[in-house]
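Colleague: Before I ask anything, here is the structure I am working with.
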Amino acid sequence: MCPVPGETTQPVENPVVAVVGATGGLGSAISRELARRGARLVLTGRDPARLQELSEALPGSASAVLDLHDPDAGDLLVASATAAFGRLDVLVNAAGIVAFGTLADTPDIVIEELFLTNVVGPLWLLRRCLPLLQASQGTVVQLSAVVAEQPLPGMAAYSATKAALSAADAALARELRRVGVRVLDVRPPHTNTGLHERPLHGSPPRLSEGLDPQEVARVIADALAEPKRHQLAAADFGTTSSTAPTSTSSQSTSSQSTSGQSTEGAPHE
Ligand SMILES: NC(=O)c1ccc[n+]([C@@H]2O[C@H](COP(=O)([O-])OP(=O)(O)OC[C@H]3O[C@@H](n4cnc5c(N)ncnc54)[C@H](OP(=O)(O)O)[C@@H]3O)[C@@H](O)[C@H]2O)c1
Numbered sequence: 565m566c567p568v569p570g571e572t573t574q575p576v577e578n579p580v581v582a583v584v585g586a587t588g589g590l591g592s593a594i595s596r597e598l599a600r601r602g603a604r605l606v607l608t609g610r611d612p613a614r615l616q617e618l619s620e621a622l623p624g625s626a627s628a629v630l631d632l633h634d635p636d637a638g639d640l641l642v643a644s645a646t647a648a649f650g651r652l653d654v655l656v657n658a659a660g661i662v663a664f665g666t667l668a669d670t671p672d673i674v675i676e677e678l679f680l681t682n683v684v685g686p687l688w689l690l691r692r693c694l695p696l697l698q699a700s701q702g703t704v705v706q707l708s709a710v711v712a713e714q715p716l717p718g719m720a721a722y723s724a725t726k727a728a729l730s731a732a733d734a735a736l737a738r739e740l741r742r743v744g745v746r747v748l749d750v751r752p753p754h755t756n757t758g759l760h761e762r763p764l765h766g767s768p769p770r771l772s773e774g775l776d777p778q779e780v781a782r783v784i785a786d787a788l789a790e791p792k793r794h795q796l797a798a799a800d801f802g803t804t805s806s807t808a809p810t811s812t813s814s815q816s817t818s819s820q821s822t823s824g825q826s827t828e829g830a831p832h833e
């Protein structure tokens, strides 16, 4: 059983949870943890093969291939959740991308894609899911990041996307409370998913040891079961500065970027 109480409703047994970015490091850990607690899952990702692999590992789950850049992605998710389970209790947005480097060295297209993926797409998607979440008196969980609280040089655009998402979450927590939908803003420190090894642009700073994705997923699942929780700050994961890039390493990012050799892993260059 996985109770997901709203502030005005009784806990839901075996809630229907949609995980956007379920094929990612945090998304898959969250999906597995919630499945273990009894959730019925709607898994999403962009890669059909990886999505199928995850669906097979989590029997009984539904899945939908979607891209947050598509304004209609939310309609697809609503259709999938409705067809499979007839409802949606929790929407977890665990999709996102990162980029590194000074602003001067960051191409316009990278800034645009960061905001499209990390802010605009999630808001488009949430709009479409609101009627189902309102009907279930449900919850939306947004994966922001520690840099929303501690923006870093060499990560200005990424930090700005996460601060924007957390700002939207703070406003939405109050706006949606009136209609019985809870917003949980989650700002994890660096976590060992490999995200920093596949940036859209630039090279990562030297990072301290990251958190275990399974432990992060467990903390998020526990918070989901606490009806009055509206945020998980970086400190709620047990540590902050030790898992954020150091100022020294941020300077090293800048120098890497100004060398012009900072396009590792950039699929859209
Ligand atoms: N890892 C960390 O240190 C850390 C710390 C704090 C916050 N976060 C945040 O947590 C979230 C998940 O990060 P992660 O570490 O799990 O990264 P990840 O392993 O790279 O997973 C990212 C997920 O986002 C999906 N995605 C990317 N672009 C998308 C798009 N346009 N439309 C739909 N899905 C898209 C990916 O799908 P594909 O499989 O199709 O690429 C993948 O499922 C991100 O928002 C990240 O900023 C991460």
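Under this note's numbering, think of the first position of the sequence shown as 565, with each following residue one higher. Cβ coordinates follow ideal geometry from the N, Cα and C atoms, glycine included. Since the model is a prediction, treat every value here as computed from it, not as a measurement.
#1: How long is the line joining the alpha carbons of K792 and T725, rounded to whole angstroms?
#2: Please say whether S619 and D653 have beta carbons closer to each other than 8 Å?
#3: Taking the Cβ atom as the reference point for each residue, do A709 and L748 lie within a distance shorter than 8 Å?
#4: T587: beta carbon under 7 Å from a heavy atom of ligand 1?
#5: List the endpoints of the continuous beta strand (DSSP E) containing A626.
#6: Apart from the five residues on each side of it in sequence, which residues of its chain come closer than 6 Å, Cβ to Cβ, to E828?
#7: Between the stretch 678-695 and the stretch 773-787, can you find at least three pairs of beta-carbon atoms closer than 8 Å?
#8: Restricting to Cα atoms, I'd like to know which of D611, G609, V704 is closest to V743.
#9: Report buried or exposed for D733, applying the criterion of at least 16 other Cβ atoms within 10 angstroms of its Cβ.
#10: V583: buried (16+ other C-beta within 10 angstroms of its C-beta) or exposed?
#11: State the Cα-Cα distance for the pair I594 and A586, rounded to the nearest angstrom.
Modeller: In brief:
#1: As a position in the sequence shown, residue 792 is number 228, starting the count at 1. As a position in the sequence shown, residue 725 is number 161, starting the count at 1. Distance between the alpha carbons of K792 and T725: 26 Å.
#2: Position 89 of the sequence shown, counted from the first residue, corresponds to residue 653. Position 55 of the sequence shown, counted from the first residue, corresponds to residue 619. Cβ distance not < 8 Å, so D653 and S619 don't count as in contact.
#3: Here residue 709 corresponds to residue number 145 of the sequence shown, with the count starting at 1. Here residue 748 corresponds to residue number 184 of the sequence shown, with the count starting at 1. L748 is positioned such that its CB atom lies no closer than 8 Å to that of A709.
#4: Position 23 of the sequence shown, counting from 1, holds the residue named residue 587. T587 Cβ: within cutoff of ligand 1.
#5: For this step, residue 626 is matched to residue 62 along the sequence shown. Looking at the DSSP string, the run of the beta strand (DSSP E) that includes A626 is 626-629.
#6: Translated into the one-based positions of the sequence shown, residue 828 becomes position 264. Because E828 carries a pLDDT of 25, less than 50, the predicted location of this residue cannot be relied on, and the following value inherits that uncertainty. Only S767 meet the Cβ criterion.
#7: No, the stretch 773-787 does not touch the stretch 678-695.
#8: Within the sequence shown, residue 743 is the residue found at index 179, counting from 1. V743 has its Cα closest to that of V704, out of D611, G609, V704.
#9: Walking along the sequence shown from the start, residue 733 turns up at place 169. Here D733 is buried, its C-beta having at least 16 other C-beta atoms within 10 Å.
#10: Position 19 of the sequence shown holds residue 583. That one is buried.
#11: Start at 1 with the first residue of the sequence shown, and residue 594 comes out as number 30. Start at 1 with the first residue of the sequence shown, and residue 586 comes out as number 22. Between I594 and A586, the C-alpha separation is close to 8 Å.
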